[in-house]
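Trainee: Quick one: the structure is below, and I'll ask about it shortly.
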Amino acid sequence: MIRFLFRFVGLWILAAAFIFLIYDGTKSIADRSSFFITRGKDVWAAVHQTSLIGLQPMLEQRFGAWAWDPAAVTLLDQPAWLVLGVLGVLLILLGRRKKPLIGYGRD
189 MIRFLFRFVG LWILAAAFIF LIYDGTKSIA DRSSFFITRG KDVWAAVHQT SLIGLQPMLE
249 QRFGAWAWDP AAVTLLDQPA WLVLGVLGVL LILLGRRKKP LIGYGRD
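For the sequence shown, this note's numbering gives the first residue as 189, with consecutive numbering after it.
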């Protein structure tokens with residue numbers, strides 16, 4: 189059941205990543221003079237601003253200042269389609285079925 193949930197959520201997140209990729213591509217094509225990228229922090233701020241603001245003190249309190257500045261800032265500055273795509277693929281891989289072993293019995 190949990191594998192199904194991982195695959196289901198992973199596919200939805202992967203679909204959202206594809207939507208952001210198409211969105212960025214069409215904005216870049218429409219505005220021929222620049223390359224448009226939707227950052228992960230912009231999407232998070234549009235969805236829930238207060239949790240993004242509370243993320244910095246929480247990370248610095250639990251893990252130290254290094255968790256915010258090089259780690260989280262770098263992740264939040266990446267394109268939204270890339271962050272969502274990697275997360276979706278990881279969830280799909282976690283939820284995949286195990287390959288049957290040929291010649292061995294499963295215990």
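Beta carbons are placed, not taken as given, at the ideal position from N, Cα and C, and that holds for glycine.
1) Report yes if the C-beta distance between Phe194 and Gly283 is below 8 Å; otherwise report no.
2) So with Cβ pairs under 8 Å, would you call Leu263 a contact of chain D?
3) Do Lys215 and Asp265 have their C-beta atoms closer together than 8 Å?
4) In angstroms with no decimal places, state the Cα-to-Cα distance between Glu248 and Gly198.
5) From Phe206 to Val271, what distance separates their C-alpha atoms?
6) Going by beta carbon distance, what residues of the same chain come within less than 6 Å of Trp269, once the five residues before and after it are set aside?
Mentor: Result, derived from the coordinates:
1) Along the sequence shown, one-based indexing puts residue 194 at 6. Along the sequence shown, one-based indexing puts residue 283 at 95. Going by C-beta atoms, Phe194 is nearer than 8 Å to Gly283.
2) You won't find chain D in this structure, because it holds only one protein chain.
3) For this step, residue 215 is matched to residue 27 along the sequence shown. For this step, residue 265 is matched to residue 77 along the sequence shown. Result no, Cβ atoms of Lys215 and Asp265 do not sit closer than 8 Å.
4) Position 60 of the sequence shown, counted from the first residue, corresponds to residue 248. Position 10 of the sequence shown, counted from the first residue, corresponds to residue 198. Between Glu248 and Gly198, the C-alpha separation is close to 28 Å.
5) Taking the sequence shown and counting its residues from 1, the one referred to as residue 206 is at position 18. Taking the sequence shown and counting its residues from 1, the one referred to as residue 271 is at position 83. Each residue's alpha carbon lies about 11 Å from the other.
6) Taking the first residue of the sequence shown as position 1, residue 269 is located at position 81. Within the same chain, Trp269 has close Cβ partners Ala205, Phe208 and Leu209.
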